[in-house]
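Quick notes on the structure that follows.
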Amino acid sequence: MTRGLVTCCDLRFAPGAEALLRSVRKHHPDVRCCCYVPPEELHEISLRLGSLAEVQPCVLPINALPKTLHMLFGRILAVTWKEDVVGYVDSDALFCRPAPELWDVQPGFLNAVEDESQRISDILKGEAKQAFEAQFPDAGSSRGFNTGVFALRPAEWQDLLQRLEAILTVEPYGPVYIRAAQDPSIGLSDQPLLNVLMRGRVRYLPRIFNAHCLYDNPIPPDVRIVHFTSLPKPWMRSFRAHEPAYWYWLKYGLPEAGPLRLALAALWIAFVSPKRMLGRKWRKCIRRIRASAAGNSV
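Residue 196 in the working numbering sits at position 208 of the sequence shown, with consecutive numbering throughout.
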């Protein structure tokens, strides 16, 4: 069985893509890797990634999708590959251990991990959320999978691009994407739409294959893939070094991080993180009490 891995990045996320691809080479050296990038950044990112992966321009054969939004849907280029099974992993994620189960895709299914949000539409805001829930009322109220890590058999999804293009031409949600090309404040995400296109065919893997929402949830000790979903990212200077997730970035994302640096980071996290978590839980408790009091007063 031939296996592939797809990721996407621009220059801002290139450090994450480099760390991800290095971790793939370490744990799965037989997997063919490709990184899709904005065409105008192809040369610079190619120099950075070197032999870690093929670097290709992210261009989707979807006429209804403005070119400025092609990177948003770059992950679905996985269905154009000839490999038997192809995984997609966001460039802000890392392999901490081998994860062969990710590519163990049963015929007719998609391997993924359930998203931490309560509803598919929770990732959207404002106009985009209203339009999505109006067009897909059943999907909007249910839970879905996190599209940051998944694997599929490309031969079984050859109609995905056509189905996506069809949705982009339908009111009310489709035109929101077109307007978003000129108005970034709309705040779009491809995750809700991909859940609509792929629901009913998802085989859920344990959270260890996509540990995300790390600010609110502990990282499993046997984690395979850590996914830094929040901003800032760990390679950015504003990332907080006392977050437990930072230790995983040091250990698995930075090969030059030695034992002493890891030990010091662990001590700092052990000292600061419990205080932060306690404060966060206390603030949540206060909000619940206030919400309950407001409800009782109505």
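Every residue gets a Cβ at the ideal spot worked out from N, C-alpha and C, and that includes glycine. No experiment lies behind these values; they were computed from the predicted model shown.
| Asked | Found |
| --- | --- |
| Can you tell which of Gly38, Pro3, Ile64 and Ile33 has the C-alpha that lies nearest to the C-alpha of Gln179? | Ile64 |
| Between the C-alpha atoms of Asp80 and His215, what's the straight-line distance to the nearest angstrom? | 6 angstroms |
| Considering only DSSP beta bridges, list what Leu140 is partnered with. | Val74 |
| Quick check on Glu28: buried or exposed, where buried means 16 or more other Cβ atoms within 10 Å of its Cβ? | exposed |
| Leaving out the 5 sequence neighbours to the left and right, which residues in its chain are closer than 6 angstroms to Phe97 when beta-carbon positions are compared? | Arg189 and Arg191 |
| Are Asn183 and Ile108 closer than 9 angstroms when you measure CB to CB? | yes |
| Report the three-state DSSP secondary structure of Asn99 (helix, strand or coil). | strand |
| DSSP puts Tyr192 in a beta bridge; with which residues? | Ala100 |
| Report yes or no: do three or more beta-carbon pairs, one from the stretch 157 to 167 and one from the stretch 43 to 50, lie closer than 8 angstroms? | no |
| Counting only runs that start and end within the stretch 206 to 246, where is the alpha helix (DSSP H) found for 4 or more residues in a row? | 232 to 236 |
| Kindly indicate the opening and closing residues of the beta strand (DSSP E) around Tyr161. | Where Tyr161 is concerned, there is no enclosing beta strand (DSSP E), although the alpha helix (DSSP H) it sits in stretches over Tyr161 to Ala168. |
| Look up Thr368 in the DSSP assignment and say whether it is helix, strand or coil. | It is not possible to answer for residue 368, since the shown part of the chain is limited to -11 through 286. |
| Looking only at its chain, what residues have a beta carbon closer than 7 angstroms to the beta carbon of Asp219, apart from the 5 residues adjacent to it on each side? | Correcting the residue identity first, residue 219 is Leu in this sequence and not Asp. Cβ neighbours of Leu219 beyond the five flanking positions: none. |
| If you run the structure through DSSP and keep just helix, strand and coil, what is Asn134? | strand |
| Are the stretch 84 to 97 and the stretch 56 to 76 touching by the rule of at least three beta carbon pairs closer than 8 angstroms? | yes |
| Quick check on the burial criterion: 16 or more other C-beta atoms within 10 angstroms. Buried or exposed for Asp18? | exposed |
| Looking at C-beta atoms only, is the number of pairs between the stretch 25 to 42 and the stretch 122 to 133 that lie closer than 8 angstroms three or more? | no |
| Give the straight-line distance between the Cα atoms of Tyr24 and Met59, rounded to the nearest whole angstrom. | 8 angstroms |
| Anyone know if the C-beta pair for Leu185 and Leu140 falls short of 9 angstroms? | no |
| Just to check my reading of the structure: Glu71 and Arg(-9) have Cβ atoms closer than 8 angstroms, yes? What is that Cβ distance to the nearest angstrom? | 6 angstroms |
| Which partner residues does Leu152 have in the DSSP bridge list? | In the DSSP output, where bridge partners are listed per residue, Leu152 has none listed. |
| Applying the 10 Å Cβ sphere with the 16-neighbour rule, what's the burial state of Phe259? | exposed |
| Would you be able to state if there are at least three C-beta pairs under 8 angstroms between the stretch 229 to 244 and the stretch 201 to 211? | yes |
| Looking at the unbroken alpha helix (DSSP H) that takes in Val12, where does it start and where does it end? | Ala2 to His15 |
| As an exercise, report each continuous beta strand (DSSP E) stretch of at least 3 residues that is fully enclosed by the stretch 27 to 65, in chain order. | 42 to 45 |
| Which residues bound the beta strand (DSSP E) around Phe83? | Ala81 to Phe83 |
| In the structure shown, what three-state DSSP assignment does Gly(-8) receive? | strand |
| Got a sec, what are the start and stop residues for the beta strand (DSSP E) Arg158 sits in? | As written in the sequence, residue 158 is Val, which differs from the Arg given in the question. Segment: none, Val158 is in no beta strand (DSSP E) and carries neither H nor E. |
| Going by C-alpha to C-alpha distance, which of Leu57, Ser39 and Leu156 sits closest to Asp171? | Leu57 |
| In whole angstroms, give me the CA-to-CA distance for Gly4 and Gln150. | 31 angstroms |
| Counting along the chain, where does the beta strand (DSSP E) carrying Val25 start and finish? | Arg20 to Val25 |
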